[in-house]
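Visitor: Supplied in structure tokens, the structure appears directly below.
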Amino acid sequence: MRKRRPVVTRCICANVSFADLLRLARERGWNFAELTEQTGATLGCGMCLPYVVRMLQTGETSFDVMDVPNCDDW
């Protein structure tokens, strides 16, 4: 049996899914700063920051775990 790769679908610290974050950003017209300020996403441990950036860029809400975040994308 092949092992499944882990996926990231939420900000653990703010307890909010990327799907909910994307919906809020689109409904309210929030940019990254507004989204994080209003929801608390990325403001805890910060591990979800590259995923939230990518979510806003691409509309994806489920990600393979990144080995090393690419700081150039932030």
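For this note's numbering, count along the sequence shown from 1 and bump the result up by 13.
Glycine is no exception: its CB is placed at the ideal position from the N, C-alpha and C atoms.
No experiment lies behind these values; they were computed from the predicted model shown.
Distance check for E73 and L62, CA to CA, integer angstroms please.
Guide: Rounded to whole angstroms, L62 to E73 spans 14 Å at the Cα level.
Visitor: CB P19 to CB V65, shorter than 9 Å?
Guide: The answer is no: Cβ separation not under 9 Å.
Visitor: Please state the DSSP three-state secondary structure of D11.
Guide: Here the chain covers residues 14 to 87 and nothing more, so residue 11 does not appear.
Visitor: If we call anything under 9 Å between Cβ atoms a contact, is E47 one with R39?
Guide: Result no, Cβ atoms of E47 and R39 do not sit closer than 9 Å.
Visitor: Can you say whether W24 is buried or exposed, counting buried as having 16 or more other CB atoms within 10 angstroms of its CB?
Guide: Note that residue 24 is Cys in the sequence shown here, rather than Trp. It is buried - the Cβ of C24 has at least 16 other Cβ atoms within 10 Å.
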